[in-house]
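Asker: Mind the numbering: the sequence shown is residues 75 to 307 in the working numbering, read in order.
Cβ atoms here follow ideal geometry from the backbone N, Cα and C, with glycine treated the same way.
Have a look at the structure that comes next, please.
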Amino acid sequence: MLKSPDALRNSCSIGSNTMECLKLLQESELQFLNNQMVDVYYQKGEMICKQGTFASHVMIIQEGLVKSFLNWNNENLILQIFAPVNVIGLSTLFEGNTVFQHSVQAYMDSKVSLIEISAFKQIMNNNAQFSSRMVSLLAEQGAIINGRFYCLTKKQTYGRLADVIICLANRIYKTQKFPLHLSRKDFAELSGMSVESIARILTKFKSDGLIEINNEFVEILDYDKLNLISQKG
């Protein structure tokens with residue numbers, strides 16, 4: 075029997091380190107990209123790109139933490155979180171797609187490298203392995219988004235929030251105690267629920283001995299139980 079992929083069982087919105095693919099480039103190709111690269115610094119809350127605007131660059135997150143999201147009627151749907159070192163804007167590399175399909179905003183002060191799409195395409199045209207890896211990464215991002223829709227529509231509130239906490243611990247900070255860069259509103263957007271519900275469930279998780287949380291950090295105290303809540307939804 076075929077099993078559902080992990081991306082369809084949890085809402086972890088963070089994929090693999092996409093810039094591992096740079097190892098597929100020749101030294102001359104790396105130098106070419108470096109010559110086409112401009113570093114831009116964004117403050118917490120600043121927009122990096124806006125849904126529907128013309129896309130002239132792909133972006134590499136060098137430092138910080140950002141979110142990609144769709145906006146509809148002043149409501150945000152978080153699609154993915156990008157940590158260093160990841161590429162944003164892969165969908166703009168393909169013919170007929172000249173605008174950003176979603177917005178990107180900094181969760182915290184971030185450093186982003188901009189590379190002209192034409193330069194990135196030139197490397198893809200000349201390096202088949204690199205080009206194939208870009209297609210794979212785009213497919214992975216699609217699977218992550220599908221997984222988030224599955225979680226938001228099929229899991230209960232406790233499971234959705236447990237997913238987010240585990241995702242941050244495993245994929246972003248790689249430790250069970252991590253700084254609290256996200257606000258309650260950010261958690262609410264990621265989990266598809268109200269700020270009030272987030273506050274209530276975090277309090278419940280804390281009283282049950284699953285996590286410790288204050289204004290500075292989150293610590294997972296009972297990973298197995300929290301993960302069970304995440305999986306069972």
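(1) Find out if the Cβ-Cβ distance for the pair A262, I275 is shorter than 7 Å.
(2) Is the distance from the Cβ of I122 to the Cβ of P158 below 7 Å?
(3) Can you tell me whether F261 is helix, strand or coil according to DSSP?
(4) From the DSSP secondary-structure annotation, give me the bridge partner or partners of H131.
(5) From Q110 to A129, what does the alpha carbon distance come to, in whole angstroms?
(6) What are the start and end residues of the beta strand (DSSP E) that includes I239?
(7) On a CA-only basis, which of H255, I152 and F174 is nearest M133? Give me that one, please.
(8) Is it the case that the Cβ atoms of V238 and L264 are separated by a distance below 7 Å?
(9) So if DSSP puts I197 in a beta bridge, which residue, or which two residues, is it bridged to?
(10) In angstroms, rounded to a whole number, what distance separates the CA positions of F106 and E293?
(11) Using 8 Å for Cβ pairs, my map puts F204 next to L99. What's the rounded Cβ distance?
(12) K185 and Y115: beta carbons closer than 7 Å?
(13) Is A213 helix, strand or coil by DSSP?
(14) Going by DSSP, name the residue or residues bridged to Q175.
(15) So who's on the other strand from I285, going by DSSP bridges?
(16) So, with DSSP's three-state summary, where would you put E137?
(17) Measuring CA to CA, which of L256, Q250 and S268 is closest to Y297?
(18) D183: which of G138, A217 and E190 sits nearest, CA to CA?
Answerer: With the structure as the only source:
(1) Translated into positions along the sequence shown, residue 262 becomes position 188. Translated into positions along the sequence shown, residue 275 becomes position 201. Not closer than 7 Å, so no.
(2) The sequence position of residue 122 within the sequence shown is 48, counting from 1. The sequence position of residue 158 within the sequence shown is 84, counting from 1. Inclusion of I122 and P158 in the CB contact set at 7 Å is not warranted, their separation being larger than that value.
(3) For the purposes of this step, residue 261 is taken as the residue at position 187 of the sequence shown. F261 falls in the helix class under three-state DSSP.
(4) In the sequence shown, counting from the first residue as 1, residue 131 sits at position 57. H131 pairs with E190.
(5) Taking the sequence shown and counting its residues from 1, one reaches residue 110 at position 36. Taking the sequence shown and counting its residues from 1, one reaches residue 129 at position 55. Cα to Cα, Q110 sits roughly 16 Å from A129.
(6) Residue 239 sits at position 165 when you count from the first residue of the sequence shown. I239 -> not in any beta strand (DSSP E); alpha helix (DSSP H) instead, spanning T231 to C241.
(7) In the sequence shown, the residue the question calls residue 133 occupies position 59. It is F174 whose Cα lies nearest to the Cα of M133.
(8) Counting from one through the sequence shown, the residue named residue 238 turns up at place 164. Counting from one through the sequence shown, the residue named residue 264 turns up at place 190. Against a cut-off of 7 Å, the Cβ pair of L264 and V238 comes out as a contact.
(9) Numbered from its first residue, the sequence shown carries residue 197 at position 123. I197 is not bridged by DSSP to any residue.
(10) Residue numbering aside, residue 106 sits at position 32 when the sequence shown is read from its first letter. Residue numbering aside, residue 293 sits at position 219 when the sequence shown is read from its first letter. Rounded to whole angstroms, F106 to E293 spans 43 Å at the Cα level.
(11) Here residue 204 refers to the residue found at position 130 of the sequence shown. Here residue 99 refers to the residue found at position 25 of the sequence shown. Yes, F204 and L99 are in contact; Cβ-Cβ is about 6 Å, under 8 Å.
(12) Indexing the sequence shown from 1 puts residue 185 at position 111. Indexing the sequence shown from 1 puts residue 115 at position 41. Yes. Within cutoff.
(13) The sequence position of residue 213 within the sequence shown is 139, counting from 1. Reduced to three states, the DSSP call for A213 is helix.
(14) In the sequence shown, counting from the first residue as 1, residue 175 sits at position 101. Paired residues: none, contrary to the question.
(15) Taking the sequence shown and counting its residues from 1, one reaches residue 285 at position 211. In the DSSP assignment, I285 forms a beta bridge with I294.
(16) Here residue 137 corresponds to residue number 63 of the sequence shown, with the count starting at 1. In the structure shown, E137 adopts extended strand secondary structure according to DSSP, grouped into three states.
(17) Working through the sequence shown from its first residue, we reach residue 297 at position 223. Y297 has its Cα closest to that of Q250, out of L256, Q250 and S268.
(18) Residue mapping note: residue 183 aligns to position 109 of the sequence shown, counting from 1. The candidate whose alpha carbon is nearest that of D183 is G138.
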